[in-house]
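The listed protein sequences derive, respectively, from chains A and B. So in this note's numbering, the last spot in the first sequence is 159, and the numbers never skip. So in this note's numbering, the last spot in the second sequence is 318, and the numbers never skip. Every residue gets a Cβ at the ideal spot worked out from N, C-alpha and C, and that includes glycine. A quick note: this is a predicted structure, and the numbers were derived from the prediction, not measured. This report refers to the structure that appears directly beneath it.
Protein chains: 2
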Amino acid sequence: MVDRVPLSREEEAVWRPLTRIITVLPRVLEDHFVNETGISMTDYTVLVSLSEAEEGWLRLSDLAKATALSLSRISRVVDSLVKRGLVEKVKCESDGRVANASLTESGRSKLAGAYPGHLARVRSHLFDHLAPEEIRGAGPILARVAAALEPDGAQPCPE
Amino acid sequence: MVDRVPLSREEEAVWRPLTRIITVLPRVLEDHFVNETGISMTDYTVLVSLSEAEEGWLRLSDLAKATALSLSRISRVVDSLVKRGLVEKVKCESDGRVANASLTESGRSKLAGAYPGHLARVRSHLFDHLAPEEIRGAGPILARVAAALEPDGAQPCPE
DNA sequence: ACCACTTGGTTGAGGGCTCAACTGGACTCT
DNA sequence: AGAGTCCAGTTGAGCCCTCAACCAAGTGGT
Numbered sequence: 001m002v003d004r005v006p007l008s009r010e011e012e013a014v015w016r017p018l019t020r021i022i023t024v025l026p027r028v029l030e031d032h033f034v035n036e037t038g039i040s041m042t043d044y045t046v047l048v049s050l051s052e053a054e055e056g057w058l059r060l061s062d063l064a065k066a067t068a069l070s071l072s073r074i075s076r077v078v079d080s081l082v083k084r085g086l087v088e089k090v091k092c093e094s095d096g097r098v099a100n101a102s103l104t105e106s107g108r109s110k111l112a113g114a115y116p117g118h119l120a121r122v123r124s125h126l127f128d129h130l131a132p133e134e135i136r137g138a139g140p141i142l143a144r145v146a147a148a149l150e151p152d153g154a155q156p157c158p159e
Numbered sequence: 160m161v162d163r164v165p166l167s168r169e170e171e172a173v174w175r176p177l178t179r180i181i182t183v184l185p186r187v188l189e190d191h192f193v194n195e196t197g198i199s200m201t202d203y204t205v206l207v208s209l210s211e212a213e214e215g216w217l218r219l220s221d222l223a224k225a226t227a228l229s230l231s232r233i234s235r236v237v238d239s240l241v242k243r244g245l246v247e248k249v250k251c252e253s254d255g256r257v258a259n260a261s262l263t264e265s266g267r268s269k270l271a272g273a274y275p276g277h278l279a280r281v282r283s284h285l286f287d288h289l290a291p292e293e294i295r296g297a298g299p300i301l302a303r304v305a306a307a308l309e310p311d312g313a314q315p316c317p318e
């Protein structure tokens, strides 16, 4: 039932650095946020998701999916953003259970302020070390891997 | 001072799925560990590092570097592994400050037991979605990015 | 109308992680 | 030898995150 063959040399050469990237990169980016913008990486992700929402707002559970955080966490993060005036939370008219979150003007400008520095970090830690062809080539591959990680439709052969 | 140009379409196509992978993959792997082996991903990483150590043991601060965790965290993780009988901690003879950690027999077999399942997960979530050429191509690229993330020698032009 | 069930969100408890403050061993300079 | 400094590890405080338990609003069958 379980695969006992170890990783090949080539797989090993992918997996080792990938684990390192997965653990270190987020920390490096987080540091930027804490030190220079006063919001956390998570806050930022929430603000980005809201800024990209079709209608300008998102219900909390959709926000949770968009950010890959638990609904429980999103609930608290949004509350904290509301407290800091960056986000607004309004109960849905037609369904008393749902709450919609949207950016305030202040949230929008906080996001605009944080964005360039974040991008600069992403560049200096990632894209500056990749050739243009490598970037072009990596997109579809990463998309495939990411898609497989999503809870639904993970299996390529759903029959 | 700060780069204001947004990500190109190709960069975006790399960055989006990569963030997703970075946040979701660790969680998926962690779940396996908790549910099936009784050790955490962090525990596992420590055990692996120790099993690969030249001399069979590592001082705590080297373990911290190897795992990219804070010394503080390592101190507690090792204590917990000691308490569970998977690791042994011995004060260094020649330098009263340092503590060396090494695997116990029980730790070694715990590692051997967890390894195949972990590998199977890594395969099913990652390598099963990559073609052999892709795997071969990705290694050096990821190694380069990972190297740039290491605290020392990060800058390609230190002059 | 009522009861059971489902669904969106909130809250309490607890684990993982880091930073800062601290302890105690070792090295240096006089 | 004694004071100052540095270094390895420990410990307390506190944030981030999840799970499980919960509450309140909607839905469907009778």
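Beta carbon proximity, residue i to chain B, threshold 8 Å
i: HIS32(A); result: no
i: LEU119(A); result: yes
i: ILE135(A); result: yes
i: ALA53(A); result: no
i: ALA64(A); result: no
i: LEU7(A); result: yes
i: VAL14(A); result: yes
i: VAL122(A); result: yes
i: LEU130(A); result: yes
i: LEU142(A); result: yes
i: LEU58(A); result: no
i: GLU159(A); result: Confidence is the limiting factor: at GLU159(A) the pLDDT is only 29, short of 50, which leaves the residue's position unreliable, though a coordinate-based value still follows. GLU159(A) does not count as touching chain B.
Nearest candidate by alpha-carbon position, reference residue i, set the options
i: ALA302(B); options: ARG144(A), HIS129(A), GLY139(A), GLY38(A); result: HIS129(A)
i: VAL164(B); options: GLU133(A), ASP62(A), VAL122(A); result: VAL122(A)
i: GLU171(B); options: ILE39(A), PRO140(A), MET41(A), LEU111(A); result: PRO140(A)
i: LYS242(B); options: ALA225(B), GLY266(B), VAL193(B); result: GLY266(B)
i: LEU240(B); options: GLU252(B), LEU188(B), GLU264(B), GLU189(B); result: GLU264(B)
i: ARG16(A); options: TRP216(B), ILE198(B), ALA225(B); result: ALA225(B)
i: SER124(A); options: VAL14(A), LEU25(A), LEU7(A); result: LEU25(A)
i: CYS251(B); options: GLY244(B), LEU217(B), ASP238(B); result: LEU217(B)
Cα-Cα separation between residue i and residue j, rounded to whole angstroms
i: ARG186(B); j: LEU18(A); result: 15 Å
i: HIS118(A); j: ARG97(A); result: 35 Å
i: LEU149(A); j: GLY137(A); result: 20 Å
i: VAL249(B); j: SER268(B); result: 20 Å
i: LEU219(B); j: ALA260(B); result: 7 Å
i: LEU69(A); j: LEU63(A); result: 8 Å
i: VAL34(A); j: ASP43(A); result: 11 Å
i: ALA313(B); j: LEU71(A); result: In this prediction, ALA313(B) scores a pLDDT of 45, lower than 50, which makes its location untrustworthy; the coordinate-derived value is nonetheless stated afterwards. So the alpha carbons of these two residues sit roughly 37 Å apart.
i: ASP190(B); j: ALA279(B); result: 13 Å
i: PRO315(B); j: ALA131(A); result: The predicted position of PRO315(B) is uncertain, since its pLDDT is 44 and thus under 50; a value taken from the coordinates is nonetheless stated next. Whole-angstrom Cα-Cα distance: 14 Å.
i: PRO310(B); j: LEU285(B); result: 27 Å
i: SER167(B); j: ASP79(A); result: 33 Å
i: SER75(A); j: ALA212(B); result: 44 Å
i: GLU292(B); j: GLY244(B); result: 42 Å
i: PRO275(B); j: VAL14(A); result: 18 Å
i: LEU188(B); j: THR182(B); result: 11 Å
i: ARG73(A); j: SER253(B); result: 48 Å
i: PRO158(A); j: ALA306(B); result: Below a pLDDT of 50, predicted positions are generally treated as unreliable, and PRO158(A), at 34, falls in that range; no measurement from the model is reported.
i: ALA258(B); j: ALA99(A); result: 52 Å
Neighbour flag for residue i against chain A, beta carbons, 8 Å
i: ALA227(B); result: yes
i: ARG267(B); result: no
i: LEU177(B); result: yes
i: ILE233(B); result: no
i: GLY298(B); result: yes
i: THR182(B); result: yes
i: ALA307(B); result: yes
i: VAL187(B); result: yes
i: GLU170(B); result: yes
i: VAL205(B); result: no
i: LEU230(B); result: no
i: ARG243(B); result: no
i: ALA273(B); result: no
i: VAL304(B); result: yes
i: LEU285(B); result: yes
Beta carbon of residue i nearer than 8 Å to that of residue j
i: VAL77(A); j: LEU103(A); result: no
i: GLU160(A); j: ILE294(B); result: There is no way to answer for residue 160(A), as the model of chain A reaches only from 1 to 159.
i: THR196(B); j: ALA273(B); result: yes
i: VAL145(A); j: ILE180(B); result: yes
i: LEU111(A); j: SER40(A); result: no
Problem set entry | Completely contained alpha helix (DSSP H) runs for the stretch 6 to 60 of chain A, where each covers 4 or more residues | As for any alpha helix (DSSP H) of minimum length 4 sitting wholly inside the stretch 6 to 60 of chain A, the runs are 9 to 36, 41 to 52, ordered along the chain.
For this session: Enumerate, from N- to C-terminal direction, the unbroken alpha helix (DSSP H) stretches of 4 or more residues contained entirely within the stretch 229 to 296 of chain B.
Result: Along the length of the stretch 229 to 296 of chain B, whole alpha helix (DSSP H) runs at least 4 residues long occupy 230 to 242, 264 to 284, reported in chain order.
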